[in-house]
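Peer 1: Be aware that the sequence shown starts at 1, since it is given in the working numbering, and climbs by one per residue.
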Amino acid sequence: MSEPTDRYKTGMATRRAVLGASYVDAAVASTTPFNTDFQTLITESAWGSVWSRETISKRERSMLTIALLAALGHHDEVAMHVRATRNTGASMDDIKEALLHVAIYAGVPAANHAFKIAAKTYADMDAEAKTKG
Numbered sequence: 001m002s003e004p005t006d007r008y009k010t011g012m013a014t015r016r017a018v019l020g021a022s023y024v025d026a027a028v029a030s031t032t033p034f035n036t037d038f039q040t041l042i043t044e045s046a047w048g049s050v051w052s053r054e055t056i057s058k059r060e061r062s063m064l065t066i067a068l069l070a071a072l073g074h075h076d077e078v079a080m081h082v083r084a085t086r087n088t089g090a091s092m093d094d095i096k097e098a099l100l101h102v103a104i105y106a107g108v109p110a111a112n113h114a115f116k117i118a119a120k121t122y123a124d125m126d127a128e129a130k131t132k133g
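#1: Determine the direct distance from the alpha carbon of Thr-43 to that of Ala-106, and round the result to whole angstroms.
#2: What's the C-alpha gap between Lys-9 and Gly-89?
#3: Is DSSP giving Trp-47 helix, strand or coil here?
#4: Closer than 8 Å by C-beta to Asn-112: which residues in its own chain qualify, once you throw out the five before and the five after it? Chain order, please.
#5: Give me the Cα-Cα distance between Thr-31 and Glu-60, rounded to the nearest whole angstrom.
#6: Sorted by chain position, which residues of the same chain lie with C-beta nearer than 6 Å to Met-63's C-beta, five sequence neighbours on each side aside?
#7: Is the separation between the beta-carbon of Ile-117 and that of His-74 shorter than 7 Å?
#8: So, at 8 Å on beta carbons, what are the nonlocal neighbours of Ser-2 in its own chain, with the 5 sequence-adjacent residues on each side left out?
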């Protein structure tokens, strides 16, 4: 395997900061020869090129990402990025506002389902916090 690029290293640091080390460690551990190139692509492009930019904050990127994922119906990714709000600074009210935009610009059914996913994810996060603390 070749030495990781600087963009990969930046992307991996950003990915860990946003999604959490345990999530990223599990994703890396499940990398196979089949999906190695895909993992490199998302680490370099999504995390190393886009999420690592400083033009807008991680909070704003989080809101945009959740709205786009909800609008496109990528439900598992919505839940993952709602969990990541712990690390991005996006509040529950921020996500609510983003999903209200989804309702207007992408449709009520998409927003309705995303609100359900977000509510369940927040409830799970609260339950986990009570268990730990």
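Backbone N, C-alpha and C define an ideal beta-carbon position, used for all residues, glycine too.
Peer 2: The answer reads as follows:
#1: Rounded to whole angstroms, Ala-106 and Thr-43 show a C-alpha spacing of 28 Å.
#2: 23 Å
#3: Helix.
#4: Ala-103
#5: 29 Å
#6: Ala-90, Asp-94 and Ala-98
#7: Cβ atoms of Ile-117 and His-74: not closer than 7 Å.
#8: none
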